[in-house]
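I have placed the structure first, in the form of structure tokens, so that the comments after it can refer back to it.
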Amino acid sequence: MTEARFEFGKNGSPPAAVDGRLDAPAFHRNAEPIWDAIAEFLAGQTGSVLEIGSGTGQHIVTYAARAPHLVFWPSDIVESHRISIEAYRRDAALGNLRAPQSIDLMRPDWEWLGQRDTDQALAAVLCFNVIHIAPWTVAQNLMRGAGRHLKAGGLLLTYGPYKRGGAHTAPSNEAFDTSLRGRNPDWGIRDLETVADVAAQNGLALVKTVAMPANNLVLAFERR
Numbered sequence: 037m038t039e040a041r042f043e044f045g046k047n048g049s050p051p052a053a054v055d056g057r058l059d060a061p062a063f064h065r066n067a068e069p070i071w072d073a074i075a076e077f078l079a080g081q082t083g084s085v086l087e088i089g090s091g092t093g094q095h096i097v098t099y100a101a102r103a104p105h106l107v108f109w110p111s112d113i114v115e116s117h118r119i120s121i122e123a124y125r126r127d128a129a130l131g132n133l134r135a136p137q138s139i140d141l142m143r144p145d146w147e148w149l150g151q152r153d154t155d156q157a158l159a160a161v162l163c164f165n166v167i168h169i170a171p172w173t174v175a176q177n178l179m180r181g182a183g184r185h186l187k188a189g190g191l192l193l194t195y196g197p198y199k200r201g202g203a204h205t206a207p208s209n210e211a212f213d214t215s216l217r218g219r220n221p222d223w224g225i226r227d228l229e230t231v232a233d234v235a236a237q238n239g240l241a242l243v244k245t246v247a248m249p250a251n252n253l254v255l256a257f258e259r260r
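At position 149 of the sequence shown (counting the first as 1) the number is 185 in this note's numbering, and the numbers step up by one without a gap.
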């Protein structure tokens with residue numbers, strides 16, 4: 037039997053470098069599949085892309101290098117993560133990758149610093165492995181903010197495990213959900229239909245669902 041590997045996705049272990057860079061094992065497993073799923077959506081966009089919960093920063097640095105036509109804005113509420121993101125950013129020296137900022141999705145009125153530098157609405161919001169390791173309020177406020185900050189035709193792209201029709205899609209996801217709720221009763225795998233309903237209430241239509249390895253999904257929402 038293959039051992040189930042659960043992805044929390046945000047934390048990383050300090051590598052040998054002394055500049056604060058963290059290394060997330062999940063990045064090495066899921067960075068390529070996620071890119072394969074989202075590349076087609078980003079290819080048709082121009083402007084700025086905000087990532088919510090950038091974690092170590094490894095995903096956004098990798099994707100910024102592959103999409104030089106977009107400007108990427110990382111964010112994370114955890115200070116050690118922002119230090120790691122900045123270290124990766126400096127090492128990569130990409131002209132289209134901005135400094136990390138702190139965004140608290142417990143606030144329904146959250147803003148992003150790029151608003152001070154540009155009058156343009158966001159082309160895309162990325163949020164990977166976040167809403168199941170956070171209170172439900174975070175998912176609600178993610179949708180509220182994305183609906184507010186995305187331009188018409190802009191995209192919210194999420195990645196992680198979801199229930200469908202109120203049921204888990206695999207025994208490993210059910211075990212993961214039990215583990216999450218044991219760590220924090222406010223955490224847990226969310227129901228796809230419930231997430232889509234909240235998105236719709238904020239002007240975001242679910243336009244594509246992409247099946248991913250390890251019983252995860254990429255959800256693509258378009259701002260209408």
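Glycine residues also receive a C-beta, built at the ideal position from the N, C-alpha and C atoms.
Return the first residue and the last residue of the alpha helix (DSSP H) that residue i is part of.
{"i": "I70", "result": "P61 to A79"}
{"i": "L216", "result": "P207 to R219"}
{"i": "A103", "result": "Segment: none, A103 is in no alpha helix (DSSP H) and carries neither H nor E."}
{"i": "H117", "result": "E115 to A128"}
Going by the CB atoms, is the gap between residue j and residue i shorter than 7 Å?
{"i": "L228", "j": "I74", "result": "no"}
{"i": "G190", "j": "A160", "result": "yes"}
{"i": "R259", "j": "L141", "result": "no"}
{"i": "A114", "j": "S84", "result": "At residue 114 the sequence reads Val, which differs from the Ala that was named. Not a contact, by the Cβ cut-off of 7 Å."}
{"i": "A60", "j": "G91", "result": "yes"}
{"i": "D213", "j": "I225", "result": "yes"}
{"i": "R57", "j": "A135", "result": "no"}
{"i": "Y195", "j": "I70", "result": "yes"}
Grab the span of the beta strand (DSSP E) containing residue i for me, first residue to last.
{"i": "L192", "result": "L186 to G196"}
{"i": "E258", "result": "N252 to R259"}
{"i": "G83", "result": "G83 to I88"}
{"i": "V107", "result": "L106 to W109"}
So what does DSSP say about residue i, is it helix, strand or coil?
{"i": "A241", "result": "strand"}
{"i": "F42", "result": "At F42, the pLDDT of 35 sits below 50, so the modelled position is not reliable; the number obtained from the coordinates is stated separately. Coil."}
{"i": "Q137", "result": "strand"}
{"i": "D55", "result": "coil"}
{"i": "V161", "result": "strand"}
{"i": "R143", "result": "coil"}
{"i": "A247", "result": "strand"}
{"i": "D227", "result": "strand"}
{"i": "M37", "result": "Because the pLDDT at M37 is just 29, under 50, the model does not fix this residue reliably, and the point stays unresolved."}
{"i": "A232", "result": "helix"}
{"i": "A203", "result": "strand"}
{"i": "T98", "result": "helix"}
Our contact map puts residue i next to residue j with C-beta atoms below 8 Å; I'd like the distance itself, whole angstroms only.
{"i": "N238", "j": "A182", "result": "7 Å"}
{"i": "G89", "j": "C163", "result": "6 Å"}
{"i": "L253", "j": "V246", "result": "7 Å"}
{"i": "W148", "j": "L86", "result": "5 Å"}
* May I ask you to verify whether the segment 111-121 touches the segment 169-176, counting CB pairs closer than 8 Å and requiring at least 3? => no
* To do: Give a yes or no on contact between the segment 204-217 and the segment 176-186, applying the rule of three or more CB pairs nearer than 8 Å.
  => no
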